[in-house]
Amino acid sequence: MASYLMHTIIAFDLFMNVVFGGRFGETISARVGLTHAWYDEAIAGFLNELQPHHTELAREHDLGRDLEAITDLEKKRGSRK
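The numbering of the sequence shown is the numbering used here, which starts it at -16 and goes up by one.
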C-alpha cells in the first residue's frame, strides 16, 4: 500500500510539473532546484528546509527512476531478439 501511495504521489508531482511548463519525467522538486526564478528558489528553499538537500535528492531520484526504466526497456527488447 505504501508503494502504491508513493507512486501515486510521484505521478501527481510529475503531472503537475508538466502542467506548469516543466519537462516530462521531471518532478517539481527536481526542477525548482535547477531554475533561478525567484519563486522557484523560494519553493526550493522551503523544500530544503523541510528535508536537507531535498532538491538534490529529488534530481538523483528522477535520474535513478529514468535509468531503471531504460534498463527495463533494454531487457524487454533483448528478450524479443
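We put the CB at the ideal spot given by N, CA and C, even for glycine.
Q. If you draw a straight line from the C-alpha of residue 46 to the C-alpha of residue 39, how long is it?
A. 11 angstroms
Q.
Measuring straight from C-alpha to C-alpha, what distance separates residue 34 and residue 52?
A. 26 angstroms
**Q.** Rounded straight-line distance, which links the Cα of residue 55 to that of residue 32
**A.** 35 angstroms
Q.
Does residue 56 come out as helix, strand or coil in the three-state DSSP assignment?
A. Helix, per DSSP.
Q.
For a test of the three-state rule: what should DSSP assign to residue 48, helix, strand or coil?
A. helix
Q) Nearest to residue -7 by alpha carbon, out of 62, 48, 15 and 61? A) 48
(Q) Tell me which residues share the same chain as residue 16 and place their Cβ nearer than 7 angstroms to its Cβ, disregarding the 5 neighbours each side in the sequence. (A) 27, 38, 39, 41 and 42
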